[in-house]
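Worksheet: one structure, shown below.
This is the structure we're talking about:
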């Protein structure tokens, strides 16, 4: 069974803390994505990566960075968390160059106090 | 750039009743269209997709969707809703290749006995 695993389901952090959200996929997919999900706004793309050590900005990259040192792992980093980054974060992966199915993790709900 | 509109934020239907969730997209060429479902506390799962060919596509869990180019729509339907269909449904559009997929804001479905 294919799987995208997000290491933390729930996190509570304080303003100014550095936050790491980890995502691992076992499908050997080239492409990985980080989305942010907020009520009434749907899913918004933060960053994506189509290869190891490659990254591309999505629609809302400000305040975030990413790291992809290995094909199966894609990390989202909040250098200095702020309360407006309280949200649900979803990681996804996809095979190949063409538009296709995204496979999602179960999400990481982050609360910044 | 492409965009997606899901005009209904919440829909309530009785178990056994038929369902139609609306999705309108904006894109200049032939779009790649998707419907995803998100059960409470879970990530998103693909229900069905349209890339080309037959405009009526069948998906999992008894869902179907019809692509209507003249109306720029891709509405999701199910003839008889089950209580387990209560979830949030997202329509998405892609432009092919490495172009990103854009999600709608979602429709939350409530099923009453």
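Chains as they are written, first to last, in the numbering used here: chain A, 1 to 113; chain B, 1001 to 1113. Glycine included, C-beta positions come from ideal geometry on N, C-alpha and C. Keep in mind that this is a model prediction, so the values were computed, not measured.
task = With DSSP as the reference, label residue 5/A as helix, strand or coil.
result = In the structure shown, residue 5/A sits in a strand (DSSP, three-state: E or B).
query = Buried or exposed: where does residue 46/A fall if 16 or more other Cβ atoms within 10 Å of its Cβ makes it buried?
reply = With 16 or more other Cβ atoms within 10 Å, it is buried.
ask   = Thinking just about the alpha-carbon of each residue, which of 71/A, 33/A, 81/A and 72/A is nearest to the one in residue 13/A?
value = The candidate whose alpha carbon is nearest that of residue 13/A is 81/A.
Pick from 59/A, 94/A, 86/A and 97/A that is closest to residue 109/A, judged by C-alpha positions = Of the candidates 59/A, 94/A, 86/A and 97/A, the one whose C-alpha sits nearest the C-alpha of residue 109/A is 86/A.
request  = Check the C-beta distance from residue 105/A over to residue 6/A and give it rounded, since I have them as a contact under 8 Å.
outcome  = Approximately 4 Å separates the beta-carbon atoms of residue 105/A and residue 6/A; this is inside 8 Å, confirming the contact.
request  = Note down the Cα distance separating residue 1050/B from residue 1032/B, rounded to an integer number of angstroms.
outcome  = Whole-angstrom Cα-Cα distance: 6 Å.
request  = Kindly examine the ligand PLP and report whether one of its heavy atoms sits closer than 6 Å to the Cβ of residue 14/A.
outcome  = For the structure depicted, the ligand PLP is absent and the ligand set is empty, with no information on it obtainable.
ask   = Between which two residues does the beta strand (DSSP E) carrying residue 1051/B extend?
value = Looking at the DSSP string, residue 1051/B is not in any beta strand (DSSP E), and its letter there is neither H nor E.
query = Got a sec? Which residues, its chain only, sit under 6 Å from residue 19/A by beta carbon, not counting five neighbours each side?
reply = The beta carbon of residue 19/A lies closer than 6 Å to those of 13, 78 and 81 in the same chain, with the five residues before and after it left out.
task = Find the residues of chain A that neighbour residue 1032/B, judging by a C-beta separation of less than 9 Å, and give them in chain order.
result = The contact set of residue 1032/B on chain A, defined by CB atoms closer than 9 Å, consists of 98, 99 and 100 in chain order.
message = Cβ closer than 9 Å: which chain B residues qualify as neighbours of residue 105/A?
response = Neighbours of residue 105/A on chain B, chain order: 1043.
inquiry  = Against chain B, with Cβ distances strictly below 7 Å, would residue 42/A count as a contact?
reply    = Chain B, which has a Cβ nearer than 7 Å to the Cβ of residue 42/A, makes this yes.
message = Tell me the rounded alpha-carbon separation between residue 1004/B and residue 1105/B.
response = CA-CA distance, residue 1004/B to residue 1105/B, rounds to 8 Å.
message = Just verifying my parser: in three-state terms, what is the DSSP assignment at residue 1061/B?
response = Residue state, collapsed to three classes: helix.
message = Given this structure, state the Cα-to-Cα distance separating residue 1041/B from residue 107/A, to the nearest angstrom.
response = Straight-line Cα distance between these residues: approximately 8 Å.
query = When the cut-off is 7 Å and only beta carbons count, does residue 21/A lie next to chain B?
reply = No, residue 21/A does not count as interfacial toward chain B.
query = Taking Cβ positions, are residue 1093/B and residue 1107/B nearer each other than 7 Å?
reply = Going by C-beta atoms, residue 1093/B is not nearer than 7 Å to residue 1107/B.
message = Measuring straight from C-alpha to C-alpha, what distance separates residue 1014/B and residue 1057/B?
response = Each residue's CA atom was taken as its position, placing residue 1014/B and residue 1057/B some 24 Å apart.
message = Are the CB atoms of residue 1046/B and residue 30/A within a distance shorter than 7 Å?
response = Contact check for residue 30/A against residue 1046/B fails: the beta carbons are separated by 7 Å or more.
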